[in-house]
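Asker:
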């Protein structure tokens, strides 16, 4: 950043002037027009609200390059900064977002970066969070000379571009690895007639849980899994519905009736996104919601991971669609699972296939786990330099 240091030393060695935002840009709030959802005519032009594009409409009221800053509603980030969007071209903006255009002497892109670091928490008023027009216009902005602004924009935009390129590259690599895994999974798990086939009900026990009423859920105790928990684990995300538990006493009472779930049993979603498998990793107490999850007990004839991979094959997903498509709400039932025929090659062959597919699966998971971590690291790097670059000594008057 020696070039920036040189520019600051040349153009503003004693600090920079701070000005109200309204002196740094053209505020166009008086030209905004809200349109109710029912009155909007679908089209090609983005319709912006407080936190970004809300719809696409058939007309526009702005044509140019703008910054949009949330006015009311979801207008503050967890760090207390405004919600800021960059918009170009023909757009419509409702009255939930402030809109500004460039004014001579201050680069709009410089303002875009700077507004994102202002803490507006103390300015947000009302039951519905609101950054009022008067508070917005009064935001204090450091205004270094244009050569300094230009260099700051170049550096920060470069960080943004590099992050976007990295994200695109890693996403493409993840997609390629997932396709590779899917291809080999379907190839390895396609069997000719000489392979033995049995229904799951012939080789193992299929069962579900006794009913647990919602008022029996607790905030701690024995984990109580629903289909949403298994789907969240499968997708590698947190369950937005939160975690659920039941008491140890209730667990002991109910599992004595339905049976205990053990390590290497497979839970399969019977509701929601059906047919998603989950291998129980430990013998720790665990209970499930009846009908939501079906338990396939581990079998001496089946490697649980082999069955897990088989449940993800294109052939099985097609079968699942065929046996459940007549229902108004799709459910995969105990009887349907028990009557599902699966290939049962020798255990040695099952283990060989599992080793290969686990390797491909791990390659995909490495990137799917690493991708958000890498993006987060780049975001923090960008924010560090942004905050550093946009901190100025105020010029003494």
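Residue numbers (the numbering used here): 63 to 459.
In this text, a Cβ means the ideal position worked out from N, Cα and C, and glycines have one as well.
Fair warning: this is a prediction, and the values are worked out from it, not measured in the lab.
Quick one: grab the DSSP three-state call for residue 243.
Answerer: helix
Asker: Excluding the 5 residues flanking residue 348 on each side, which residues of the same chain have their C-beta closer than 6 Å to its C-beta?
Answerer: 285, 323
Asker: What residue from 82, 338, 342 has the CA that sits closest to residue 383's CA?
Answerer: 338
Asker: Which residue wins for smallest C-alpha separation from residue 262, given the options 201, 224, 398?
Answerer: 398
Asker: Using the beta-carbon count (16 or more within 10 Å), is residue 92 buried or exposed?
Answerer: exposed
Asker: When we look at the beta-carbon of residue 332 and count the other beta-carbons within 10 Å, is it buried (16 or more) or exposed?
Answerer: buried
Asker: For residue 357 and residue 257, what's the separation of their Cα atoms in angstroms?
Answerer: Across the structure, residue 357 and residue 257 are spaced so that their CA atoms are roughly 25 Å apart.
Asker: Nearest CA to the CA of residue 160: which residue from 372, 85, 192?
Answerer: Scanning 372, 85, 192 for the CA closest to the CA of residue 160 turns up 192.
Asker: Please return the same chain residues whose Cβ sits closer than 6 Å to the Cβ of residue 198, not counting the five positions on each side in sequence.
Answerer: For residue 198, where only same-chain residues beyond five positions count, the Cβ hits under 6 Å are 160.
Asker: How many angstroms separate the CA atom of residue 169 from the CA atom of residue 73?
Answerer: 16 Å
Asker: What are the start and end residues of the alpha helix (DSSP H) that includes residue 177?
Answerer: 170-177
Asker: Which value, in whole angstroms, describes the spacing of the CA atoms of residue 368 and residue 335?
Answerer: Cα to Cα, residue 368 sits roughly 21 Å from residue 335.
Asker: In chain order, what residues of the same chain have a beta carbon less than 7 Å from the beta carbon of residue 401, not counting five sequence neighbours either side?
Answerer: 261, 263
Asker: Exposed or buried, what is residue 364 when buried is set at 16 or more other beta-carbons lying within 10 Å of its beta-carbon?
Answerer: buried
Asker: Specify the secondary structure class of residue 359 as computed by DSSP and reduced to three states.
Answerer: coil
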